[in-house]
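Numbering (my numbering), first residue to last: 4 to 526. No residue lacks a Cβ here, since even glycine has one placed at the ideal position from N, Cα and C. Everything numeric in this text was worked out from a predicted model, so none of it was measured.
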RNA sequence: GGCCCCGUCGUCUAACGGUUAGGACAUCACCCUUUCAAGGUGGAGAUUACGGGUUCGAAUCCCGUCGGGGUCACCA
């Protein structure tokens with residue numbers, strides 16, 4: 004492995020004056036972590052050097068694209084804090100920014116290529132193409148279009164047309180080597196002879212990816228094409244097109260992929276991959292962005308924790324790493340916990356509410372799902388208050404905002420249920436526990452308010468009277484008050500519960516103990 | 001299969017030919033403590049995929065092998 008040595012010229016491209024970059028998702032699915040990172044790197048690059056970040060929607064796959072998906076992707080980008088200077092909604096001087104609104108542009112350029120003999124109509128059917136492809140593969144050769152429609156006569160063309168075949172426009176590839184100057188990988192050579200004539204215009208009239216990117220990147224004056232490594236081998240095709248159209252090349256930079264723990268391509272079966280799912284699970288955009296930034300990029304110092312603003316400062320393309328990264332959810336979880344703990348409470352609460360309404364929103368589409376999930380959503384909103392109240396006590400131990408919801412739930416009035424362990428703790432030294440709980444109840448009832456200090460004092464006295472302390476004393480009290488054997492410090496818990504709820508819980512626990520005893524005597 | 005990219009602790013990564021190969025997550029131990037966490041301290045963990053070169057000296061440069069990934073679509 005060799006780090007790309009930046010010469011004078013390269014340096015200029017790595018740190019340009021006012022770059023124009025773009026993120027160009029196709030609205031055929033949700034925004035995945037890989038796409039999010041590509042968007043982030045582009046965004047950081049633009050922000051760092053005072054450039055522009057363009058959002059372009061590549062919706063030429065008519066079958067799979069949908070406005071809903073587009074909305075989901077843009078919504079996730081905004082959630083991450085990545086905004087764009089130009090785009091379908093934002094407008095801008097190089098629009099339209101949705102490829103289906105640019106069809107006439109592609110056709111015009113396609114005509115130009117066809118008229119100059121650099122492109123030709125191909126009448127081959129998908130089935131024919133497929134079987135020829137397999138023949139190449141069987142011979143151990145590079146599968147590619149064999150160019151058989153290159154020299155079609157008018158008669159032959161008419162014949163195919165009468166058969167009802169709809170032609171696609173193909174680009175006439177030239178041989179020779181094509182060099183890609185890549186900002187993160189250095190110079191990469193490709194053999195043009197191994198690349199077949201690829202499609203420019205599909206038979207439905209929409210442009211192919213390779214054609215549309217070239218046209219758009221040029222017309223939108225994109226200076227740096229920063230994208231995933233899966234596009235590296237497409238680049239020679241695009242370079243050939245730039246040359247055929249007589250256009251200047253942008254800079255290219257291909258960042259390596261994000262892989263699953265088994266080193267395969269990250270996909271659904273590996274767990275969470277979509278940004279939206281992380282939102283639902285209670286991750287903060289602060290954490291996700293920070294973690295993703297560290298996948299394939301490293302600062303020049305030892306820092307790991309960055310705000311977006313700090314990332315802008317620290318980011319540079321020449322510190323982008325070339326080897327693929329494995330997505331490590333454990334580290335993300337740690338980082339998320341860190342942000343929950345250190346961000347100010349108002350912000351965390353805001354994120355919690357965001358999560359609650361996002362979950363509700365995202366399930367609105369499917370009416371059945373919504374119905375099924377309804378009680379959960381109601382609870383979430385009811386819990387917003389509880390979460391606010393309990394955040395200071397709970398944030399120390401959690402990793403996601405969802406933990407906040409599940410953990411705070413049991414502190415709601417009337418939500419006391421006993422875990423088997425807690426029940427065990429209450430029952431195992433029944434007599435002593437009963438004494439503890441009775442005197443605790445009396446003391447709390449007798450004091451005007453339940454402060455942490457007051458509670459501590461009460462516990463001290465009970466301990467002195469009964470000659471116990473530590474775990475033996477606090478364990479039963481914790482079990483009675485919370486129904487769990489683990490949780491925040493009781494000194495925090497008691498004032499938060501309040502006098503009435505605390506008393507009611509002790510009563511409930513005492514009753515439960517009696518019931519348990521009758522149960523065991525009876526059997 | 002052809003072509004292309006990549007290969008440093010389990011994971012993310014640092015180390016412009018000269019460091020006891022550094023940090024973070026995870027893991028282990030201890031401290032703190034009414035519990036679980038969090039936090040603190042420390043430990044273990046990498047013959048830099050392997051094999052050859054070049055060099056006084058290689059994780060770093062060159063070649064080969066192996067392994068992983070990408071791509072070869074009328075998907076993007």
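Identity of the residues DSSP links to residue 164 by a beta bridge | One-based indexing of the first chain puts residue 164 at position 161. In the DSSP secondary-structure assignment, residue 164 is not bridged to any residue.
Where does residue 463 sit, in a helix, a strand or coil, going by DSSP?
-> Here residue 463 refers to the residue found at position 460 of the first chain. Helix at residue 463.
Taking one C-beta from the stretch 334-349 and one from the stretch 318-326 each time, how about it: are there three or more such pairs within less than 8 angstroms?
-> No, because fewer than three Cβ pairs between the stretch 334-349 and the stretch 318-326 fall closer than 8 angstroms, the two stretches do not touch.
Would you call residue 35 buried or exposed, if buried means 16 or more other Cβ atoms sit within 10 Å of its Cβ?
-> Along the first chain, one-based indexing puts residue 35 at 32. By the 10 Å Cβ count, residue 35 comes out buried.
Per DSSP, the bridge partner or partners of residue 125 | Residue 125 sits at position 122 when you count from the first residue of the first chain. Bridge partners of residue 125: 171.
Do residue 405 and residue 284 have their C-beta atoms closer together than 8 angstroms?
-> Taking the first chain and counting its residues from 1, the one referred to as residue 405 is at position 402. Taking the first chain and counting its residues from 1, the one referred to as residue 284 is at position 281. Contact flag set, yes.
As assigned by DSSP and simplified to three states, the class of residue 276 | On the first chain, position 273 is the one that residue 276 refers to. Correct three-state label for residue 276: coil.
Nearest-angstrom Cα separation, counted from residue 331 out to residue 205 = By one-based count along the first chain, residue 205 stands at place 202. By one-based count along the first chain, residue 331 stands at place 328. Going from the Cα of residue 205 to the Cα of residue 331 covers about 40 angstroms.
Three-state secondary structure assigned by DSSP to residue 340 = Position 337 of the first chain, counted from the start, is the residue given in the question as residue 340. In the structure shown, residue 340 sits in a helix (DSSP, three-state: H, G or I).
Chain-order list of residues whose beta-carbon lies under 6 angstroms from that of residue 169 (same chain, five-residue window excluded) = Against the first chain, residue 169 aligns to sequence position 166. Counting only Cβ-Cβ distances below 6 angstroms, and skipping sequence neighbours, we find 206.
In terms of residues, what are the limits of the alpha helix (DSSP H) holding residue 352?
-> Indexing the first chain from 1 puts residue 352 at position 349. Membership of residue 352 in the alpha helix (DSSP H) is indicated by the continuous run 348-365.
In whole angstroms, what separates the C-alpha of residue 32 from that of residue 275?
-> For the purposes of this step, residue 32 is taken as residue 29 along the first chain, with counting starting at 1. For the purposes of this step, residue 275 is taken as residue 272 along the first chain, with counting starting at 1. The straight-line gap separating the alpha-carbon atoms of residue 32 and residue 275 is approximately 14 angstroms.
Would you kindly work out how many angstroms separate the C-alpha atoms of residue 259 and residue 159, rounded to a whole number?
-> As a first step, residue 259 must be located in the first chain, where it is residue number 256. As a first step, residue 159 must be located in the first chain, where it is residue number 156. Approximately 45 angstroms, taken between the alpha carbons.
Residue 38: buried (16+ other C-beta within 10 angstroms of its C-beta) or exposed?
-> What you label residue 38 is simply residue 35 of the first chain in a count that begins at 1. With 16 or more Cβ atoms within 10 Å of its Cβ, residue 38 is classed as buried.
Nearest to residue 150 by CA position, among 455, 48, 177, 313, is which residue?
-> In the first chain, residue 150 corresponds to position 147, counting from 1. Ranking the options by Cα distance to residue 150, first place goes to 177.
Between the stretch 215-233 and the stretch 195-202, are three or more C-beta pairs nearer than 8 angstroms?
-> Segments in contact, no.
Can you list the beta strand (DSSP E) stretches of 3 or more residues lying completely in the stretch 219-290, in chain order?
-> DSSP runs (the beta strand (DSSP E)) wholly in the stretch 219-290: 227-231, 254-258.
In the DSSP assignment, find the unbroken alpha helix (DSSP H) run with residue 44 in it and report its ends.
-> Along the first chain, read from residue 1 onward, the residue named residue 44 stands at position 41. Run containing residue 44: 36-51, per the alpha helix (DSSP H) assignment.
Can we say the stretch 344-357 touches the stretch 207-224, given the rule of at least three CB pairs closer than 8 angstroms?
-> Because the criterion of three Cβ pairs below 8 angstroms is not met, the stretch 344-357 and the stretch 207-224 do not touch.
Cα-Cα separation, residue 372 to residue 343 = The residue given as residue 372 occupies position 369 in the first chain. The residue given as residue 343 occupies position 340 in the first chain. Confidence at residue 372 is low in this model, with a pLDDT of 49, below 50, so its placement is unreliable and the value that follows should be read with caution. So the alpha carbons of these two residues sit roughly 29 angstroms apart.
Is residue 87 helix, strand or coil by DSSP?
-> Translated into the one-based positions of the first chain, residue 87 becomes position 84. In the structure shown, the three-state DSSP call for residue 87 is coil.
Distance between residue 117 and residue 248 (C-alpha atoms, nearest Å) = Start at 1 with the first residue of the first chain, and residue 248 comes out as number 245. Start at 1 with the first residue of the first chain, and residue 117 comes out as number 114. Inter-residue distance for residue 248 and residue 117 is about 11 angstroms (C-alpha atoms, whole angstroms).
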